[in-house]
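Colleague: Just passing along the structure, written as structure tokens.
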Amino acid sequence: MISIPDLRIILVDDNEIDLLLHEKLITLQQISRTVLSFSSANKALEFLSSNISLHRIPPTIILLDIQMPEMDGFEFLQAFDSYPSKIKSQCHIVMVSSSLDYGDINRTNANPLVVKLLKKPLLAKDLKETVGEIFKDF
């Protein structure tokens with residue numbers, strides 16, 4: 001697997017168990033040393049907004065759950081689309097869902113901000129493969 005020293009992974013999921021499982025998976029598989037978890041899409045957007053003033057944005061993978069209360073994954077994408085390209089160019093969004101609904105698959109595939117859709121719970125093989133695909137030219 002490609003080693004990206006300052007890669008950070010942001011988990012956005014309202015399910016605390018999924019957050020914990022995915023944090024452990026990422027840490028144990030040494031995919032990233034920096035894992036940030038948010039149980040609310042709004043909180044994740046606030047965090048990303050706070051990054052606008054940074055001199056350099058680290059390469060980031062956002063693992064975004066589709067089904068969440070208050071703001072779902074697609075609403076997150078809509079809000080995120082208004083962010084400066086300085087942030088968007090460093091963030092690679094992978095949507096995740098426990099039920100791969102045909103409508104969600106179509107909406108995900110149609111959104112240029114999304115690089116991939118993965119089924120929950122995440123498998124180490126799928127996540128490593130996805131990171132490799134995203135950073136193949138790194």
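All letters in the sequence shown, in the order written, are residues 1 to 138 by full-length UniProt numbering.
C-beta: ideal position from N, C-alpha, C; glycine also.
Quick caveat: nothing in here was measured; it's all calculated off a predicted structure.
#1: What's the gap between the Cα of residue 117 and the Cα of residue 55?
#2: Identify every residue that forms a DSSP beta bridge with residue 8.
#3: Residue 90 and residue 130: beta carbons closer than 8 Å?
#4: Applying the criterion that 16 or more other CB atoms from any shown protein chain within 10 Å of the CB defines a buried residue, is residue 44 buried or exposed?
#5: Does the beta-carbon distance from residue 68 to residue 14 come in below 8 Å?
#6: Let's test the definition: count the other Cβ atoms within 10 Å of the Cβ of residue 132 and tell me whether it reaches 16, buried, or not, exposed.
#7: Give every residue of the same chain whose Cβ lies closer than 7 Å to the Cβ of residue 121, excluding the five residues on either side of it in the sequence, and list them in chain order.
#8: Mind checking which residues open and close the beta strand (DSSP E) that includes residue 117?
Modeller: Short version:
#1: About 30 Å.
#2: According to DSSP, residue 8 bridges with 34 and 60.
#3: No, the Cβ-Cβ distance between residue 90 and residue 130 is not below 8 Å.
#4: By the 10 Å Cβ count, residue 44 comes out buried.
#5: Their beta carbons are under 8 Å apart, which means residue 68 touches residue 14 by this criterion.
#6: Exposed is the call here.
#7: Here the set comprises 18 and 21.
#8: Residue 117 -> beta strand (DSSP E) spans 114-119.
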